[in-house]
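In what follows, a structure is listed as structure tokens, so that the remarks can point back to it.
Number of protein chains: 2
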Amino acid sequence: MAAATPLVIQSRDNALLKDLRRLSQDSTAYRKQGRVWLEGDHLCSAALVRGIEPQIAVFAESFWPFAPTELKQAAAKNVLIADALWRDLSGLESPAQMGCVMALPDVAALDADAPTVVLDRLQDAGNVGSVLRSASAFGFTQIAALKGTAALWSAKVLRAGMGAHFALRLVEGLSEQDIAALRVPLLVTSSHRGEFLHRAKLPWPCAWVMGHEGQGVSQALEERAFAHIRIAQPGGEESLNVAAAAAICLHASGAGHSV
Amino acid sequence: MAAATPLVIQSRDNALLKDLRRLSQDSTAYRKQGRVWLEGDHLCSAALVRGIEPQIAVFAESFWPFAPTELKQAAAKNVLIADALWRDLSGLESPAQMGCVMALPDVAALDADAPTVVLDRLQDAGNVGSVLRSASAFGFTQIAALKGTAALWSAKVLRAGMGAHFALRLVEGLSEQDIAALRVPLLVTSSHRGEFLHRAKLPWPCAWVMGHEGQGVSQALEERAFAHIRIAQPGGEESLNVAAAAAICLHASGAGHSV
């Protein structure tokens, strides 16, 4: 049975539309609002697959006849937005015609025993999203983000994460001291010391620490490391992109123990 | 001895400034001009280290007293640009105060025996730059980019490449048929067939094929593969970011044979 057409937001000043714009454009607005904007079919579908029930499904008005049934039915509420207003809402170059709002998961504390990736002030949203994808792919279940890391539920990180968010326990705003709560051994990459990754016996579960793009891992976390691990770079010691280094390390840990 | 202060470009309509703006903003302008714009200290330094002699070093006028001596002396010519005009030139959010122009390397043909990364229509400049960094780090010396791949010498790919460009033989605009010229065995990642990477004996030298972000590797290249290789993903079959997958594969090939 076709759902009745929901009301259409026609005013730029509508309160919900203003909130959605903030969620889309301001990378930390989700913390104030306690809810997250998922733009596009891929993210919405990935959330549904993981059993998330959106608070609101949002569609461009002209897209309503094509709106996916699953999303319309899973959401507590459907809202349409006049096409002319939709463009302002989207952070994408080629705007999707749909999105949904989910409650920000309430995750306060670290799981001390989970296979974890610690993000030590990673700045670039694309890098953070890519690390989340790799973490999820290789069996890590928790992200521990220190203060100064790109906001995990921002639109840019969500886009780069491609749905990995929904498979992970995400804890952010942590201090270096908070990381001491982890009981899994901490592994830190190093350019000059430790065993080479491709020869190392790696513990599982473990926590890999990935550091700031320019400065690397902080001294305090370096000192907490269970082991330092080197990535062999026969082509020269130019540093790797941090998301590339993360992929290599997480694969080495995750693939080895479970296939 | 202090160099004499070079002439300052004061006009927005200056022909050189117009050319530089195009190089900075239009991702394929380097092909028309036969020269490349390197913005910022890091890229310029990386080029100098590799023995590249810039045609022109370019500085914001007020930066001239701080301009690095090596760059001033290595360049055939120094040019200053009035600070007010510099902002237009830069593609960066926090503009660097310096850049240089180098001749586009004249690389027409593939080296059939070089360890190679084949880019099969990779779209995202950040991904392409990250793959170049990983390629260089792990001892690959050649990039073979098929038509449809992001322009390798564009400002965005250069920025993400962090200097890897200067260590690699970069051949672009290739067709699938051109790839047949490679004598090194072609390796293609697959989600469903072939040996798992962490157990595979990999040939060296070799050529890894990295495919389009959405569509993957083309049928034609799939069929030329010497071997298909799977990346174990114990966390689920969500696909990895292509630059992350590349890092894992190139590390597995490069680190194993040489350390």
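As they're listed, the protein sequences go chains B and P.
First residue of the first sequence: 1, per our numbering; consecutive thereafter.
First residue of the second sequence: 1, per our numbering; consecutive thereafter.
Even glycine gets a Cβ: it sits at the ideal position worked out from N, Cα and C.
State the Cα-Cα distance for the pair residue i and residue j, rounded to the nearest angstrom.
i: C249 of chain P; j: R87 of chain P; result: 40 Å
i: K156 of chain P; j: A4 of chain B; result: 47 Å
i: L71 of chain B; j: Q219 of chain B; result: 46 Å
i: L80 of chain B; j: A246 of chain B; result: 40 Å
i: A243 of chain B; j: L7 of chain B; result: 43 Å
i: A255 of chain B; j: G129 of chain P; result: 26 Å
i: G236 of chain B; j: K201 of chain P; result: 23 Å
i: A151 of chain P; j: K32 of chain B; result: 40 Å
i: Q73 of chain B; j: A145 of chain P; result: 45 Å
i: R121 of chain P; j: S239 of chain P; result: 17 Å
i: A41 of chain B; j: A96 of chain B; result: Note that residue 41 of chain B corresponds to Asp in the displayed sequence, not to Ala. If you take the alpha carbons of D41 of chain B and A96 of chain B, they lie about 7 Å apart.
i: S90 of chain B; j: W153 of chain B; result: 16 Å
i: S27 of chain P; j: D83 of chain B; result: 31 Å
i: G34 of chain B; j: A76 of chain P; result: 57 Å
i: E222 of chain P; j: S175 of chain P; result: 14 Å
i: A137 of chain P; j: T189 of chain B; result: 15 Å
i: A29 of chain B; j: C100 of chain B; result: 15 Å
On the three-state DSSP scale, how would you describe residue i?
i: L240 of chain P; result: coil
i: H192 of chain B; result: coil
i: W64 of chain B; result: helix
i: E222 of chain P; result: helix
i: I52 of chain B; result: coil
i: T149 of chain P; result: coil
i: D178 of chain P; result: helix
i: I9 of chain P; result: strand
i: G173 of chain P; result: strand
i: F166 of chain B; result: helix
i: L119 of chain P; result: strand
i: R183 of chain B; result: coil
i: A103 of chain P; result: strand
i: L71 of chain P; result: helix
i: W86 of chain P; result: helix
i: A112 of chain P; result: coil
Closest Cβ-Cβ distance between residue i and chain B: below 8 Å?
i: E223 of chain P; result: no
i: M210 of chain P; result: no
i: I229 of chain P; result: no
i: R162 of chain P; result: The residue asked about is misnamed: residue 162 of chain P is Met in this sequence, not Arg. For M162 of chain P, the answer is yes, since a Cβ of chain B falls inside 8 Å of its Cβ.
i: A114 of chain P; result: no
i: S136 of chain P; result: yes
i: S130 of chain P; result: yes
Output yes if chain P places a C-beta closer than 8 Å to the C-beta of residue i; else output no.
i: Q233 of chain B; result: yes
i: L240 of chain B; result: yes
i: M102 of chain B; result: no
i: V259 of chain B; result: Since pLDDT at V259 of chain B reaches only 46, below the 50 mark, its modelled position is unreliable, and the value read off the structure follows with that caveat. Yes, contact with chain P.
i: A2 of chain B; result: For A2 of chain B, the predicted structure reports a pLDDT of 49, less than 50, and the residue's modelled location is therefore unreliable. The matter cannot be settled from this model.
i: G254 of chain B; result: yes
Give the interface partners of residue i over in chain B, defined as CB-CB distance under 9 Å, in chain order.
i: R133 of chain P; result: E238, S239, L240, N241, A244
i: G148 of chain P; result: Within chain B, no residue comes near G148 of chain P; the closest Cβ sits about 18 Å away, beyond 9 Å.
i: A167 of chain P; result: G235, G236, E238
i: H42 of chain P; result: Correct list: empty, because the minimum Cβ distance to chain B is about 10 Å.
i: S191 of chain P; result: Here the premise fails: no neighbours, minimum Cβ distance about 11 Å.
So is the beta-carbon of residue i under 7 Å away from any non-hydrogen atom of the ligand ATP?
i: V118 of chain B; result: Among the components of this structure there are no ligands whatsoever, and the ligand ATP is therefore not found.
What residues from chain P crowd round residue i, counting only those whose CB sits closer than 8 Å?
i: S94 of chain B; result: What S94 of chain B touches in chain P: nothing, since even the nearest Cβ is about 12 Å away.
Whose Cβ in chain B lies nearer than 7 Å to the Cβ of residue i?
i: A125 of chain P; result: Within chain B, no residue comes near A125 of chain P; the closest Cβ sits about 11 Å away, beyond 7 Å.
Quick one: which chain P residues come within Cβ less than 7 Å of residue i?
i: G139 of chain B; result: P234, G235
In chain B, which residues lie less than 8 Å from residue i when you measure between Cβ atoms?
i: I248 of chain P; result: A247, I248, H251
Count the C-beta pairs between the stretch 61-68 of chain B and the stretch 108-118 of chain B that are closer than 8 Å, then say yes if the count reaches three, no if not.
Flag = no, the stretch 61-68 of chain B and the stretch 108-118 of chain B do not touch.
Touching or not, the stretch 97-111 of chain P and the stretch 162-182 of chain P, by the rule of three or more beta carbon pairs under 8 Å?
yes
Given 8 Å, three or more beta-carbon pairs between the stretch 209-229 of chain B and the stretch 179-188 of chain B:
yes
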